[in-house]
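Here's the structure we're looking at; comments come further down.
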Amino acid sequence: METESMDCESYGTHHFSSTTKTHAVVTNTVGPAATSVYELLECPVCTFSMYPPIHQCQNGHTFCSTCKVRVHNRCPTCRQELGDIRCLALEKVAESLELPCKYFNLGCPEIFPYYSKLKHESLCNFRPYGCPYAGSECGVLGGIPFLVAHLRDDHKVDMHAASTFNHRYVKSNPREVFHCFGQYFCLHFEAFQLGMGPVYMAFLRFMGDEEEARRYSYSLEVGGSGRKLTWEGTPRSIRDSHRKVRDSNDGLIIQRNMALFFSGGDRKELKLRVTGKIWKELHSPDSGVCMPNMSS
Numbered sequence: 074m075e076t077e078s079m080d081c082e083s084y085g086t087h088h089f090s091s092t093t094k095t096h097a098v099v100t101n102t103v104g105p106a107a108t109s110v111y112e113l114l115e116c117p118v119c120t121f122s123m124y125p126p127i128h129q130c131q132n133g134h135t136f137c138s139t140c141k142v143r144v145h146n147r148c149p150t151c152r153q154e155l156g157d158i159r160c161l162a163l164e165k166v167a168e169s170l171e172l173p174c175k176y177f178n179l180g181c182p183e184i185f186p187y188y189s190k191l192k193h194e195s196l197c198n199f200r201p202y203g204c205p206y207a208g209s210e211c212g213v214l215g216g217i218p219f220l221v222a223h224l225r226d227d228h229k230v231d232m233h234a235a236s237t238f239n240h241r242y243v244k245s246n247p248r249e250v251f252h253c254f255g256q257y258f259c260l261h262f263e264a265f266q267l268g269m270g271p272v273y274m275a276f277l278r279f280m281g282d283e284e285e286a287r288r289y290s291y292s293l294e295v296g297g298s299g300r301k302l303t304w305e306g307t308p309r310s311i312r313d314s315h316r317k318v319r320d321s322n323d324g325l326i327i328q329r330n331m332a333l334f335f336s337g338g339d340r341k342e343l344k345l346r347v348t349g350k351i352w353k354e355l356h357s358p359d360s361g362v363c364m365p366n367m368s369s
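Printed below as a string of structure tokens:
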């Protein structure tokens, strides 16, 4: 059987904050036989699920393609020298399996054929979120309540219970989180190079999925010396990295010379005041008209 090469799947432990009420419902649909076969599909080296090509030694011990490189041509179970033998029988058996999404304990009720699980899991709405803190390679994953606490306690991000903001920025990378309408929003303000010159950019990210983010809008305004720039848009989900949002220019962009002009004084030091507000869009079921709801 010719099967496209796929990576092994990690079921590593992360910090999750979510309900597990669907766990019993899902696990009851997977019988003992499927569970036993599923255990056979677990790589003995990395303990992740195996996907084609699944390799085996001459004695029939199986392992994933990633670990085949790691074990330096020796079977990790019997230490026999490896050839290039595919375990086609196990790959074929895997085709008949139906298993729950690996995020079932976070609430996903879906069950998929074994080889379809990876595609779904990469897009599953129940998958954990990555830490939205900008300017670092923080690898923490979890639910929204956990990440809010993580931002506050570990990254020392400023928390605000408000739907409006009015801040004077004297540095280029402050991070703020606003709690309103029962949701959390991350306000980013940073400097980066665009073309030949430096620019400043402010934008808002929603701590949730894109579909939910579209229910909200926000505006940003920066001004001084009788002039102002404004921006209005939809917050981006934290599923999109802050770099992706920045590179798409989806926010308020301020050229450095304009930023210094707005800062006033001798126009040599950044003292930029950014104001804005967040509101929830109310959709009329009859007319389809979108109306802003400013109450929090």
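Just add 73 to wherever you are in the sequence shown, counting from 1, and you've got the numbering used here. Using N, Cα and C, we set each Cβ at its ideal position, and we do this for glycine too.
Interface flag, residue i vs chain D, CB-CB below 7 Å
{"i": "R147", "result": "Within the model displayed, chain D is absent; a lone protein chain is all it includes."}
Closer than 6 Å: residue i CB and nearest the ligand ATP heavy atom
{"i": "E294", "result": "In the structure shown, the ligand ATP is absent, as is every other ligand, since no ligand is present at all."}
6 Å CB neighbourhood of residue i in its chain, flanking five on each side removed
{"i": "H228", "result": "Y206"}
{"i": "Q256", "result": "none"}
{"i": "S83", "result": "Caution is warranted here: a pLDDT of 42 is assigned to S83, below 50, making its placement in the model unreliable, and the coordinate value is therefore given only provisionally. Excluding sequence neighbours, S83 sits near F121."}
{"i": "R225", "result": "M232"}
{"i": "R346", "result": "R241"}
Residue i vs residue j beta-carbon contact at 7 Å
{"i": "I217", "j": "Y273", "result": "no"}
{"i": "I351", "j": "Y202", "result": "no"}
{"i": "R288", "j": "E354", "result": "yes"}
{"i": "A167", "j": "L113", "result": "no"}
{"i": "C116", "j": "Q153", "result": "no"}
{"i": "T307", "j": "S292", "result": "no"}
{"i": "L325", "j": "W304", "result": "yes"}
Delimiting residues of the alpha helix (DSSP H) encompassing residue i
{"i": "M274", "result": "That residue, M274, is in no alpha helix (DSSP H); its beta strand (DSSP E) goes 270 to 279."}
{"i": "C259", "result": "Run containing C259: none in the alpha helix (DSSP H); it sits in the beta strand (DSSP E), 256 to 267."}
{"i": "R300", "result": "From DSSP, R300 is part of no alpha helix (DSSP H) but of the beta strand (DSSP E) over 300 to 306."}
Beta-carbon proximity list for residue i, same chain, < 7 Å, skipping 5 on both sides
{"i": "N101", "result": "With a pLDDT of 42 at N101, under the threshold of 50, the predicted position of this residue should be treated as unreliable, though the coordinate-derived value follows. Correct list: empty, nothing qualifies."}
{"i": "T95", "result": "Note that T95 scores a pLDDT of 33, beneath 50, so its modelled location is shaky; the value from the coordinates is reported in the next line. Cβ neighbours of T95 beyond the five flanking positions: F177, G180, P182."}
{"i": "C211", "result": "C204"}
Sequence-distant residues of its chain with Cβ nearer than 8 Å to residue i (five each side left out)
{"i": "G29", "result": "Since the first and last residues shown for the chain are 74 and 369, residue 29 lies out of range."}
{"i": "A97", "result": "Note that A97 scores a pLDDT of 31, beneath 50, so its modelled location is shaky and nothing firm can be said."}
{"i": "N146", "result": "E154, L155"}
Cβ-Cβ separation, residue j to residue i (assumed contact under 8 Å), whole Å
{"i": "C119", "j": "T150", "result": "Contact flag wrong, Cβ pair sits at about 14 Å."}
{"i": "L170", "j": "T135", "result": "Contact flag wrong, Cβ pair sits at about 15 Å."}
{"i": "F199", "j": "T348", "result": "The pair is not a contact, with the Cβ atoms about 36 Å apart (cut-off 8 Å)."}
{"i": "R309", "j": "A275", "result": "R309 to A275, Cβ: 13 Å. No contact."}
{"i": "Y176", "j": "C148", "result": "About 33 Å separates the two Cβ atoms, so there is no contact after all."}
{"i": "A235", "j": "F258", "result": "The pair is not a contact, with the Cβ atoms about 10 Å apart (cut-off 8 Å)."}
{"i": "F335", "j": "V295", "result": "6 Å"}
Segment limits, beta strand (DSSP E) that includes residue i
{"i": "V250", "result": "248 to 253"}
{"i": "E294", "result": "289 to 297"}
{"i": "H240", "result": "237 to 242"}
{"i": "L343", "result": "Where L343 is concerned, there is no enclosing beta strand (DSSP E), given that its DSSP letter is neither H nor E."}
{"i": "I326", "result": "325 to 328"}
Whole runs of the alpha helix (DSSP H) within the segment 150 to 230, excluding any shorter than 4 residues: 161 to 168, 190 to 196, 217 to 226
Would you mind listing the alpha helix (DSSP H) stretches within the segment 101 to 142 that are 4+ residues and don't spill past its ends, in chain order? 105 to 113
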